[in-house]
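What follows is a set of notes on a single structure, which appears directly below.
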Amino acid sequence: MKIHSTTVSAIAIHPDGKIVASSSQEGIIKLWNFQTGALLATISGFGPLVFSLDGTMLISGDQGGTIKIWQLDSGDNLPLIGEWWEILGVEPKTHPKDVKLAYLRLAKLYHPDINSSVSAKTAMQAVNQAYQNFQQQLEVVLKVYGD
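What follows is the structure, given as structure tokens:
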């Protein structure tokens, strides 16, 4: 089973021992069911990786030397909780064209033709909602400051 398209650079094991997070050089973090090998979620980010002691957060690296903190719901599908820019894996002031590229990269990853799992559907819903939130925020900014 190929888990990433590039070299795995870091792994972390959830405190309950049921979930493993792996990150790759391509900037993708995947969360796996340790016992079944099922993919639970995919997010943007880099190693190093570490779960909080209570298992409610995953801390990862990001481009530019920043740290990302992901809040994880305790449900089976581990839906992503966070701001639009966290879910899309960009910084809050990223240029709109780059936000769109991040969205398209994730949309391709979760497209039903490529990934038909329940967790992919849940993740795609979170990604779509995050991109809609970005577009709404951008619309407000453009109204206030003009084009």
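All the letters of the sequence shown, read from the start, carry residue numbers 427 to 573 under our numbering.
Glycine included, C-beta positions come from ideal geometry on N, C-alpha and C.
Bear in mind that the values here come from a model prediction, so they are computed numbers and not experimental data.
Exercise for the section: Could you have a look at Lys576 and say whether DSSP puts it in helix, strand or coil? Expected result: Residue 576 cannot be examined here, being either before or after the span of the chain that is shown, 427 to 573.
Handout entry: Alpha carbon of Pro518 to alpha carbon of Trp511, nearest angstrom
Key = Within the sequence shown, the letter at position 92 stands for residue 518. Within the sequence shown, the letter at position 85 stands for residue 511. Cα to Cα, the separation comes out at about 6 Å.
Practice task
For Asn459, write down the residues that DSSP places opposite it in a beta bridge.
Solution key: As a working mapping, residue 459 is identified with position 33 in the sequence shown. DSSP lists Ile445 as partners of Asn459.
Problem - Where the alpha helix (DSSP H) through Ala528 begins and ends - result: Here residue 528 is taken as the residue at index 102 of the sequence shown, counted from 1. Pro522 to Tyr536 is the span of the alpha helix (DSSP H), which, as asked, contains Ala528.
Practice task
Take every Cβ of the region 477–484, pair it with every Cβ of the region 519–538, and state whether three or more of those distances are shorter than 8 Å.
Solution key: In short, these stretches do not touch, since the Cβ pair count stays below three.
Problem - Coil, strand or helix - Ile380 by DSSP - result: The question about residue 380 has no answer, for the chain in this structure spans 427 to 573.
Practice task
Just mark Ala467 as buried or exposed, buried being the case when its beta carbon has 16 or more other beta carbons within 10 Å.
Solution key: Position 41 of the sequence shown, counting from 1, holds the residue named residue 467. Label assigned to Ala467: buried.
Problem - Inter-residue spacing [alpha-carbon to alpha-carbon] between Asn541 and Met550 - result: Position 115 of the sequence shown, counted from the first residue, corresponds to residue 541. Position 124 of the sequence shown, counted from the first residue, corresponds to residue 550. Looking at the backbone, the Cα of Asn541 and that of Met550 are separated by about 10 Å.
Exercise for the section: Could you please give the first and the last residue of the uninterrupted alpha helix (DSSP H) stretch that includes Leu479? Expected result: Translated into the one-based positions of the sequence shown, residue 479 becomes position 53. Looking at the DSSP string, Leu479 is not in any alpha helix (DSSP H), and its letter there is neither H nor E.
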